[in-house]
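Those letters in the sequence shown? Residues 1 to 365, per the UniProt record's numbering, in order. We treat Cβ as the ideally placed atom computed from N, Cα and C, and that holds for glycine. As the structure is a computational prediction, the values presented were derived from the model and not from experiment. Each remark here refers to the structure printed beneath this line.
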Amino acid sequence: MQVSIACTDHNLKRGNGDHSKQNTTSPNVVNQARAKFRTVAIIARSFGSFTPRHISLKESTGKHTGMKYRNLGKSGLRVSCLGLGKSSLSPPTVAEQLMTIAYESGVNLFDTAEVYAGGRWVAETERGLSRKHIIEGLKGSLQRMQLEYVDVVFANRPDSNTPMEEIVRAMTYVINQGMTMYWGTSRWTAMEIMEAYSVARQFNLIPPVCEQAEYHLFQREKVEVQLPELYHKIGVGAMTWSPLACGIITGKYENGIPESSRASMKSYQWLKEKIVSEDGRKQQAKLKELNHIAEKLGCTLPQLAVAWCLRNEGVSSVLLGTSNPEQLTENLGAIQVLPKMTSHIVSDIDHILGNRPYSKKDYRS
Numbered sequence: 001m002q003v004s005i006a007c008t009d010h011n012l013k014r015g016n017g018d019h020s021k022q023n024t025t026s027p028n029v030v031n032q033a034r035a036k037f038r039t040v041a042i043i044a045r046s047f048g049s050f051t052p053r054h055i056s057l058k059e060s061t062g063k064h065t066g067m068k069y070r071n072l073g074k075s076g077l078r079v080s081c082l083g084l085g086k087s088s089l090s091p092p093t094v095a096e097q098l099m100t101i102a103y104e105s106g107v108n109l110f111d112t113a114e115v116y117a118g119g120r121w122v123a124e125t126e127r128g129l130s131r132k133h134i135i136e137g138l139k140g141s142l143q144r145m146q147l148e149y150v151d152v153v154f155a156n157r158p159d160s161n162t163p164m165e166e167i168v169r170a171m172t173y174v175i176n177q178g179m180t181m182y183w184g185t186s187r188w189t190a191m192e193i194m195e196a197y198s199v200a201r202q203f204n205l206i207p208p209v210c211e212q213a214e215y216h217l218f219q220r221e222k223v224e225v226q227l228p229e230l231y232h233k234i235g236v237g238a239m240t241w242s243p244l245a246c247g248i249i250t251g252k253y254e255n256g257i258p259e260s261s262r263a264s265m266k267s268y269q270w271l272k273e274k275i276v277s278e279d280g281r282k283q284q285a286k287l288k289e290l291n292h293i294a295e296k297l298g299c300t301l302p303q304l305a306v307a308w309c310l311r312n313e314g315v316s317s318v319l320l321g322t323s324n325p326e327q328l329t330e331n332l333g334a335i336q337v338l339p340k341m342t343s344h345i346v347s348d349i350d351h352i353l354g355n356r357p358y359s360k361k362d363y364r365s
C-alpha cells in the first residue's frame, strides 16, 4: 500500500512532539508498501522528523503563500487547494526538502505514490481483490507508516473480478473500525462511482466522497462535465493530478526532447511519442500562445496552468508532482496568480485551447 499524508494544525497538536526518534514519512518506509490501493491521510500523530520546526499551518499560511483550503467534496474534511505528489525522480533527501517547503507554505496534503506510468498510477488494485485483502492491506500500511488512522482511503479502479459490493463493504468496515474516516475512488468512471453509491444506498453502507482524476489544460471532460454532475447528485468531489501533463505544459519540450528531461528516459518512451506526435506539436504551438498570457499576468507558464486548474471551484485540491525545490516553489506561486484568473483571462485561454467541453447546462442556455 502507498500512503499519502495530509497534516493539519489540529492533528499536529495531538503529536508527542518528539521528532528525533522516528520519521513516519520516510520514503524508504513508503517504498516498502506495494499497493493494493492508495490512501490519503491526515496524520493523527507526530508528523515526523522532516519538519525543521513545529509551526502551525495558520502561521505558515499567512507568512508565505496565502494557501486556500477547501472541503473534500461535500465531506467535512478540509484540505489545502494544492497538495504535494511524490515524484519518482526525487531522491530521499530531495523529497524531504520538498515536503518541508510544501508544509511551511501551508500545504496539508501529501501524496506518497511514487511512480506514474502512462498517465496512470503504477499502484493498482490487485485483480479480483477480496474484502479481506483490502482490510488487511490497510492494516499493514497503518503499521508500516506508524499511523493510528488515515482520513481518506482511495481505492483504485476495480475490474470485473472484483464485485462492487466487496469494495464498498470493505471501505465501510475500515471506516467503522476507526482506521479511516472517508473513502474515495481513483480513476473510476462516473458509472462506476454511481454504482458504488447505489450499492451503499441499497445495503446501508458508506459511499465514496471524492474521485482522483487527471486534469490539465489538455484533459478536461471528466473534471469539468462528469464530476460536477456527481457532486450535485451524490456529493462526490474532485482531487486532481498531473496539472502540467507530465511536464508537457512546462514549455521545456518546445524545441524537441532535452537530453536531461523525463521524456528522454527509456521508461518514458510513451511520453516522448506523445510529445513528437501531431497532437503533441499542436499542443506546443498552443502553449506558445498561452505563454503570452502568462507574461501579461507576470507569471510563468506552469504557474498559469496550475492556477487555471485551481480556478475550477469544483476541484478540492490539485496535486503537484515536482522533482526539485525550485519547481515546487514556482508551482506553489500559482496561489498568487489565482486572483488574476478573471473570466476574461479564462475566456482567452479557452479560445486558444479550443477544447472547452460542454455540459448539459451549456446546452440548456
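To test your reading of the DSSP string, which unbroken alpha helix (DSSP H) runs of 4 or more residues are found completely within the segment 274 to 359? 278 to 297, 301 to 310, 325 to 332, 334 to 337, 343 to 353
Measure from the alpha carbon of leucine 109 to the alpha carbon of each residue in Lys274, Gly321, Ile293, Ile352, then state which is nearest. Gly321
Would you mind working out which of Phe218, Pro243, Leu205 sits nearest aspartate 350, comparing C-alpha positions? Phe218
Nearest to leucine 72 by CA position, among Cys309, Lys286, Gly184, Lys132, is which residue? Gly184
Pick helix, strand or coil for valine 94, following the three-state DSSP scheme. helix
On the DSSP letters alone, give me the boundaries of the beta strand (DSSP E) that serine 80 sits inside. 78 to 80
Taking DSSP as the reference, what is the three-state secondary structure of methionine 191? helix
How would you call histidine 216, buried or exposed, if buried means at least 16 neighbouring beta carbons within 10 angstroms? buried
Identify the continuous beta strand (DSSP E) that holds threonine 172 and give its terminal residues. Where threonine 172 is concerned, there is no enclosing beta strand (DSSP E), although the alpha helix (DSSP H) it sits in stretches over 164 to 176.
Helix, strand or coil: how does DSSP classify asparagine 28 here? With a pLDDT of only 42 at asparagine 28, under the threshold of 50, the placement of this residue in the model should not be trusted; the figure read from the coordinates follows. Three-state DSSP puts asparagine 28 in a helix.
Which same chain residues end up closer than 6 Å to alanine 102 when comparing Cβ atoms and leaving out the 5 residues on each side of it in sequence? Leu84
Within 10 angstroms of the Cβ of proline 158, are there 16 or more other Cβ atoms? Answer buried if so, exposed if not. buried
In the DSSP assignment, what are the bridge partners of methionine 239? Gln212, Ser317
Do asparagine 156 and serine 186 have their C-beta atoms within less than 7 Å of each other? yes
Cβ pair count under 8 Å reaching 3, the segment 128 to 139 against the segment 165 to 175: yes
Kindly indicate the opening and closing residues of the beta strand (DSSP E) around tyrosine 231. Careful: tyrosine 231 lies outside any beta strand (DSSP E), inside the alpha helix (DSSP H) at 227 to 234.
Might you give, ordered along the chain, the residues of its own chain that have their beta carbon closer than 8 Å to the beta carbon of cysteine 210, omitting 5 neighbours on each side? Leu72, Gly73, Ser75, Val152, Phe154, Tyr182, Gly184, Thr185, Val236, Gly237, Ala238, Met239, Ser316
Go through its chain and collect everything with a Cβ distance to tryptophan 308's Cβ below 7 Å, but skip five positions before and after it. Leu217, Met341, Ile349
Using a Cβ-Cβ cutoff of less than 6 Å, which residues in the same chain neighbour alanine 263 once the five nearest sequence positions on both sides are dropped? Ile257, Leu271, Lys272, Ile275
Looking only at DSSP bridge pairs, what is leucine 84 linked to? Phe110, Leu320
Cβ pair asparagine 331, proline 302 closer than 7 Å: yes
As assigned by DSSP and simplified to three states, the class of tyrosine 268: helix
Below 7 Å CB to CB, which residues in the same chain sit around methionine 164 once its five sequence neighbours on both sides are set aside? Pro158, Glu195, Ala196, Val199
Would you decide whether residue 371 is buried or exposed? Buried here means 16 or more other CB atoms lie within 10 Å of its CB. Residue 371 lies beyond the range of the chain shown here (1 to 365); nothing can be said about it.
Cβ neighbour criterion (16 or more within 10 Å) applied to alanine 213: buried
Return yes when the Cβ of proline 243 is within less than 7 Å of the Cβ of valine 337, no when it is not. no
Just the Cα atoms here: how many angstroms apart are residue 367 and glutamine 284? With the chain represented from 1 up to 365, any question about residue 367 goes unanswered, as that position is not in the structure.
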